[in-house]
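*Asks:* I'd like to ask you about the structure that follows.
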Amino acid sequence: MSAAIAVGLGGLAGWRVLQRMEARHVETTAKDPLVQRATGYFRENLTAATSAEDLVGDYKMLQVALGAFGLDKDAANKAFIRKVLESDLGDTASLANRLGDKRYLKLAKAFQGRSNAGAASQAIAEAYVQRQFEKRVGEGNETYRLALNARNEVKAFAVRASSDRTMWFEVLGNEPLRTVFAGAFGLNKAVANLPVDRQLELFMSASERVLGSSSFSKIADEASIDKLVTRYLALSQVQANTSSNRYTAAMTLLSR
Numbered sequence: 001m002s003a004a005i006a007v008g009l010g011g012l013a014g015w016r017v018l019q020r021m022e023a024r025h026v027e028t029t030a031k032d033p034l035v036q037r038a039t040g041y042f043r044e045n046l047t048a049a050t051s052a053e054d055l056v057g058d059y060k061m062l063q064v065a066l067g068a069f070g071l072d073k074d075a076a077n078k079a080f081i082r083k084v085l086e087s088d089l090g091d092t093a094s095l096a097n098r099l100g101d102k103r104y105l106k107l108a109k110a111f112q113g114r115s116n117a118g119a120a121s122q123a124i125a126e127a128y129v130q131r132q133f134e135k136r137v138g139e140g141n142e143t144y145r146l147a148l149n150a151r152n153e154v155k156a157f158a159v160r161a162s163s164d165r166t167m168w169f170e171v172l173g174n175e176p177l178r179t180v181f182a183g184a185f186g187l188n189k190a191v192a193n194l195p196v197d198r199q200l201e202l203f204m205s206a207s208e209r210v211l212g213s214s215s216f217s218k219i220a221d222e223a224s225i226d227k228l229v230t231r232y233l234a235l236s237q238v239q240a241n242t243s244s245n246r247y248t249a250a251m252t253l254l255s256r
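Mapping to our numbering: the sequence shown position 126 is 126, numbers consecutive.
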C-alpha cells in the first residue's frame with residue numbers, strides 16, 4: 001500500500017500547506033518504484049497498434065489507463081471498458097458519448113487519439129502520477145483529494161468550447177466533482193433524487209449566488225476555483241465538527 005500524504009493540519013490551513021508542498025510530493029510520487037514500474041511498462045507497451053482488447057487484456061496497462069482518469073474501480077469491468085474504448089466518438093448515440101460521467105469519454109478519446117503513441121502514453125502516464133498523488137493525499141484526508149481533483153477538472157473547463165449547460169451536466173455526472181460543487185453550494189444529497197433538469201437549475205443558480213456566475217468562462221479562473229475549493233473545505237470542516245460535537249454530546253448523555 002502506498003504511504004498516505006499528511007500535512008499535519010486540517011481545514012483551510014492544511015490545504016494551504018498542501019498547495020505549497022504539492023510539486024515536491026508529485027515528484028516523490030513519480031519516483032516511487034511501484035509507480036515508476038507501472039508508468040514505464042505502460043509507455044513501453046502502448047503503441048498505435050494496441051487494440052482495446054489488448055489493453056483490457058493486460059491488467060498492468062489497464063490499471064494505468066483507468067487510474068489516469070480516476071476510473072480505477074472499473075478494472076474488473078473489462079467488457080464494459082472495451083465497449084467504451086471501441087465507441088464511435090462521432091456517433092452521439094455511442095456508449096462513450098451517452099454515459100453521464102464524461103471521464104469515460106476522455107478515456108476513449110485519449111485511447112483513440114494516439115496517432116503519436118509516445119506522446120499519448122506520456123500524457124496518460126503523467127495523469128496517472130497525478131492521480132496517484134491525489135490518492136495518497138486522500139488516504140490522509142479525503143476532502144483534500146476531492147479538492148485537488150476539482151481544481152484540476154475545472155481548470156480544464158476553461159479551454160473547452162462546449163456550452164455551459166454541457167459542462168454543468170458533466171459536473172452532475174462526475175461524482176467526485178459533483179461532491180465538491182454540492183458541498184460548496186450547500187446542496188444536500190437529496191438533490192440527486194430530483195429530475196436532472198431541476199438539478200441543473202439548482203447548481204447553476206447556486207453558482208450565480210456563490211461564485212457570481214454560472215459560466216465556466218468566468219468560474220474556471222484561478223480566483224473562482226480557489227473560492228469554490230476553499231468554501232467546500234470550510235463547509236466540510238464545519239459539518240465534520242458539528243457531527244463530532246453531536247457524537248460527543250450523545251456519548252456524554254449516555255455515560256451519565
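Ideal Cβ placement from N, Cα and C applies to all residues, glycine included.
This structure is a prediction, so every number in the text was calculated from the model and none was measured.
Do you know offhand how far L146's Cα is from L34's?
*Replies:* Straight-line Cα distance between these residues: approximately 23 Å.
*Asks:* Is the region 112–121 in contact with the region 36–52, if contact means three or more CB pairs nearer than 8 Å?
*Replies:* These segments touch.
*Asks:* Give the range of the alpha helix (DSSP H) segment to which T39 is assigned.
*Replies:* Looking at the DSSP string, the run of the alpha helix (DSSP H) that includes T39 is 33–45.
*Asks:* Our contact map puts L85 next to L55 with C-beta atoms below 8 Å; I'd like the distance itself, whole angstroms only.
*Replies:* Confirmed, Cβ separation roughly 7 Å.
*Asks:* Could you check whether A110 and A96 sit closer than 8 Å to each other, using their CB atoms as the reference points?
*Replies:* No; because the gap between Cβ atoms is not below 8 Å, this pair is not in contact.
*Asks:* For E175, which residues from the same chain have a beta carbon less than 8 Å from its beta carbon, with the 5 sequence-adjacent residues on both sides left out?
*Replies:* Contacts found: D101.
*Asks:* Output the boundary residues of the alpha helix (DSSP H) element that contains G183.
*Replies:* Here the alpha helix (DSSP H) through G183 covers 175–185.
*Asks:* Given a threshold of 16 other Cβ atoms within 10 Å of its Cβ, counted over all protein chains shown, does L253 qualify as buried or as exposed?
*Replies:* Here the model assigns L253 a pLDDT of 35, short of 50, so the residue's position is not dependable and the matter cannot be decided.
*Asks:* Rounded to a whole number of angstroms, what is the C-alpha to C-alpha distance between S214 and F80?
*Replies:* Taking the straight line from one Cα to the other gives about 34 Å.
*Asks:* For R103, which of L172, A30, E142, V137 has the nearest alpha-carbon?
*Replies:* Looking at the Cα atoms, L172 is the closest of the given residues.
*Asks:* When the Cα atoms are used, what is the spatial distance from S255 to E126?
*Replies:* At S255 the pLDDT is 41, less than 50, meaning the model places this residue with poor confidence and gives no usable figure here.
*Asks:* CB A68 to CB A117, shorter than 8 Å?
*Replies:* Not in contact: A68 and A117 (Cβ atoms no closer than 8 Å).
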